[in-house]
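Adding 29 to a residue's 1-based position in the sequence shown gives its number in our numbering.
One structure below.
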Amino acid sequence: MKRVSAYFAGALYHKIHRLIPQDIVESSYSTNQLLHLSFYESCPLLKFAHFTANQSILNACADSKRVHVIDFSLNQGSQWPTFLQALTLCPGGQPVFWLTGIGGHSQPDDTTDALQEVGGKPAQLAESMGVEFEFRGLVVHTLADLDSPMLNIRPRNVESVAVNSVFKLHHIFSIPGAIEKVLDLIKQIDPKNVTISKHEVNHNESVFMNMIKEAWHYYSTMFDLLENSEGTKPSTIDLEIAAQHLGREIYNLVACEGTKRVVRHETFGQWRVRFNSAGFNLVSLGSNTYRHTNTLLTLYTNGKRYRVEEKDGCLM
Numbered sequence: 030m031k032r033v034s035a036y037f038a039g040a041l042y043h044k045i046h047r048l049i050p051q052d053i054v055e056s057s058y059s060t061n062q063l064l065h066l067s068f069y070e071s072c073p074l075l076k077f078a079h080f081t082a083n084q085s086i087l088n089a090c091a092d093s094k095r096v097h098v099i100d101f102s103l104n105q106g107s108q109w110p111t112f113l114q115a116l117t118l119c120p121g122g123q124p125v126f127w128l129t130g131i132g133g134h135s136q137p138d139d140t141t142d143a144l145q146e147v148g149g150k151p152a153q154l155a156e157s158m159g160v161e162f163e164f165r166g167l168v169v170h171t172l173a174d175l176d177s178p179m180l181n182i183r184p185r186n187v188e189s190v191a192v193n194s195v196f197k198l199h200h201i202f203s204i205p206g207a208i209e210k211v212l213d214l215i216k217q218i219d220p221k222n223v224t225i226s227k228h229e230v231n232h233n234e235s236v237f238m239n240m241i242k243e244a245w246h247y248y249s250t251m252f253d254l255l256e257n258s259e260g261t262k263p264s265t266i267d268l269e270i271a272a273q274h275l276g277r278e279i280y281n282l283v284a285c286e287g288t289k290r291v292v293r294h295e296t297f298g299q300w301r302v303r304f305n306s307a308g309f310n311l312v313s314l315g316s317n318t319y320r321h322t323n324t325l326l327t328l329y330t331n332g333k334r335y336r337v338e339e340k341d342g343c344l345m
């Protein structure tokens with residue numbers, strides 16, 4: 030409780046005095062990725078999201094000889110080693126795996142080099158497993174800058190396309206028309222499957238006090254999960270670095286305004302309206318995914334205080 034209180038107090042202080050910490054403004058792509066990786070290693074939340082998304086993609090592309098995943102949230106590529114392992118177990122033989130990873134930053138050279146390094150890791154793993162693999166990294170300022178030719182989509186009889194986004198799409202809410210453009214692009218691609226993982230909370234609220242109340246409850250829970258995960262037991266140093274990842278989210282949510290505020294989470298109900306309006310239909314994840322995710326939750330939390338719920342085809 031002290032940790033989350035300190036982050037909120039600091040963010041409110043910076044908002045009142047209109048101050049912007051230089052360490053956040055000047056942080057490099059590699060620094061941001063280090064914080065993200067530490068959070069991934071220390072907290073089970075991202076592992077749940079990756080596991081569920083992977084199962085959905087595998088189910089949708091079960092009979093495909095070539096699978097092309099467009100990942101809007103590549104980061105350190107932590108999602109794809111387990112996906113590669115699962116491909117080797119496909120009943121009809123392991124398909125070819127093409128991965129297009131999207132990165133974006135104000136320093137494109139920094140990002141390009143980092144993306145290629147990230148792509149090299151699954152390439153080495155795929156080679157050791159005998160999986161034919163191809164990686165392409167794309168650098169854009171925001172996801173709204175993508176267009177279909179950039180993604181090198183092959184005909185449906187050549188590949189099965191899946192679009193994946195884990196905790197990413199809300200970053201473009203502050204740009205007028207951006208989310209509509211991205212959803213139109215996905216529809217144009219005509220993928221077999223679209224997987225999104227989102228925070229079940231409304232931080233895209235215009236009333237500041239309502240947003241603060243939602244944020245306080247959400248981040249208190251997140252810090253509790255981070256500090257009490259049974260399956261990871263992060264070191265003190267790892268815990269501090271992972272906490273900084275959440276602290277930066279709190280700062281952006283509370284202290285920043287306009288297009289600078291990218292932490293604008295929305296609930297499942299809000300996302301469902303957006304996707305339905307864009308012409309998408311919800312597909313159930315299946316009972317096996319629910320059971321396996323429950324097992325994973327027990328591993329990390331010892332079955333205490335947290336649970337997995339299935340609601341309208343979505344796992345929460």
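By construction, the Cβ of each residue, glycine as well, lies at the ideal position given by its N, Cα and C atoms.
A quick note: this is a predicted structure, and the numbers were derived from the prediction, not measured.
| Item | Value |
| --- | --- |
| Three-pair Cβ contact test at 8 Å for the stretch 217-234 versus the stretch 191-206 | yes |
| DSSP state of residue 83 mapped onto helix, strand, coil | helix |
| Residues of its chain near residue 54, where Cβ-Cβ distance is below 8 Å and the 5 sequence neighbours each way are ignored | Residue confidence is low: residue 54 scores 48 on pLDDT, short of 50, so the model does not pin down where it sits. Its coordinate-derived value is still stated next. Excluding positions up to five away in sequence, the list is empty. |
| Alpha-carbon spacing of residue 160 relative to residue 319, whole angstroms | 28 Å |
| Straight-line gap, residue 33 to residue 70 (C-alpha atoms, nearest Å) | 20 Å |
| 3-residue-minimum beta strand (DSSP E) runs that sit fully inside the stretch 99-176, ordered along the chain | 125-132 and 162-168 |
| Selected residue, minimal CA-CA separation from residue 28, among 337, 40 and 220 | Only positions 30 to 345 of the chain appear in the structure, and residue 28 is not among them; the question remains open. |
| Under 8 Å between C-beta atoms of residue 124 and residue 95 | yes |
| Rounded separation between residue 89 and residue 312 - CA only | 10 Å |
| For residue 344, three-class secondary structure by DSSP | strand |
| Stretch-stretch touch, CB-based, cutoff 8 Å, three pairs: the stretch 36-45 with the stretch 206-222 | no |
| Beta-carbon proximity list for residue 18, same chain, < 7 Å, skipping 5 on both sides | This structure does not reach residue 18, given that the chain is present from 30 up to 345, and the question cannot be answered. |
| Straight-line Cα distance separating residue 65 from residue 335 | 23 Å |
| Contacting residues, own chain, Cβ-Cβ under 7 Å from residue 109 (five flanking each side not counted) | 128 and 151 |
| DSSP beta-bridge partners of residue 95 | 125 |
| 4-residue-minimum alpha helix (DSSP H) runs that sit fully inside the stretch 296-328, ordered along the chain | 297-306 |
| One or two residues paired with residue 288 in a DSSP bridge | According to DSSP, residue 288 bridges with nothing at all. |
| Where residue 81 falls, given that 16 or more other Cβ within 10 Å makes a residue buried | buried |
| Cβ separation of residue 199 and residue 294, assumed to be a contact under 8 Å, to the nearest whole Å | 5 Å |
| Residue of 272, 130 and 155 minimising C-alpha distance to residue 147 | 130 |
| Residue 257: first and last residue of the uninterrupted beta strand (DSSP E) it sits in | That residue, residue 257, is in no beta strand (DSSP E); it is neither H nor E in DSSP. |
| Of the listed residues 77, 201 and 155, nearest to residue 327 (C-alpha basis) | 77 |
| Residue 33 - DSSP class collapsed to helix/strand/coil | helix |
| For residue 179 and residue 217, the rounded distance between their alpha carbons | 13 Å |
| Residue 67 - partner residues in DSSP beta bridges | Per DSSP, none; premise fails for residue 67. |
| Separation of residue 74 from residue 121, as counted between CA atoms | 31 Å |
| Check whether residue 271 and residue 68 have beta carbons under 8 Å apart | yes |
| Cα-Cα separation, residue 299 to residue 163 | 35 Å |
| Strand pairing of residue 193, partner residues [DSSP] | 100 and 224 |
| Residues of its chain near residue 93, where Cβ-Cβ distance is below 6 Å and the 5 sequence neighbours each way are ignored | 124 and 189 |
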